[in-house]
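Report on one structure; see the data block that follows.
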Amino acid sequence: LKKRTRRRRDGKSRTLAEEPDQSQNSSTIETRPLVRSRSVEAGEDYWIDEKDLQKSLEREQAIKNRKAMEGEISKDKLRTEVVAPYKQNWIGYFSVFIIVIATIIKEFPELLNAPVIPIPDL
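Position 71 (the sequence shown) corresponds to 812 in this note's numbering; numbering is contiguous.
Pasting the structure below:
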C-alpha cells in the first residue's frame, strides 16, 4: 500500500476578509476542514498500485497451484495403494483356512480316526 501524496500548499491560508482583490485566482485560497474526513480516519486515503496488485494476486495463485500439485496423487498410484492391502492379505487367507479346517474337524471328527489296515504276516 502506498499513501497518496498530498497536494502542495503554496503559502499561508487566506481568508476572504484578508484578500484585497477578488480578481485573484481562487487557487491561492486554502480551506481546511475542522474535522478530518472519515475516509482518512478509516485509512481509505491509501491506494493500491495496479501492477503491484496484479503481481501479488499472481503470486498467491501460483502458491495455491503449487500446494495443490504437491498434494495431488495420480489415479493409478492411488488405485494401487488402495488395492494393495487386499492383494497381499495372506494373513487373512491363512486365518480363513484355519477356521475352515477347524469347522471340518468339528463337524466330521471321524476323519481324524485313521483306519486300521491289517498287514498280513509273511
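Glycine residues also receive a C-beta, built at the ideal position from the N, C-alpha and C atoms.
It should be emphasised that the depicted structure is a prediction, and the values quoted were computed from it without experimental measurement.
Length of the line joining the Cα atoms of residue i and residue j
| i | j | result |
| --- | --- | --- |
| N806 | I842 | 56 Å |
| V837 | I845 | 12 Å |
| E791 | L819 | 43 Å |
| D817 | Q802 | 27 Å |
| I814 | I832 | 29 Å |
| P856 | F849 | 15 Å |
| R773 | E799 | 41 Å |
| L853 | K847 | 10 Å |
| P826 | L794 | 49 Å |
| E811 | S797 | 21 Å |
| T821 | Y834 | 20 Å |
| L863 | K828 | 56 Å |
Simplified DSSP state of residue i, which is helix, strand or coil
| i | result |
| --- | --- |
| S797 | helix |
| S836 | helix |
| T844 | helix |
| E771 | coil |
| D790 | coil |
| Q802 | helix |
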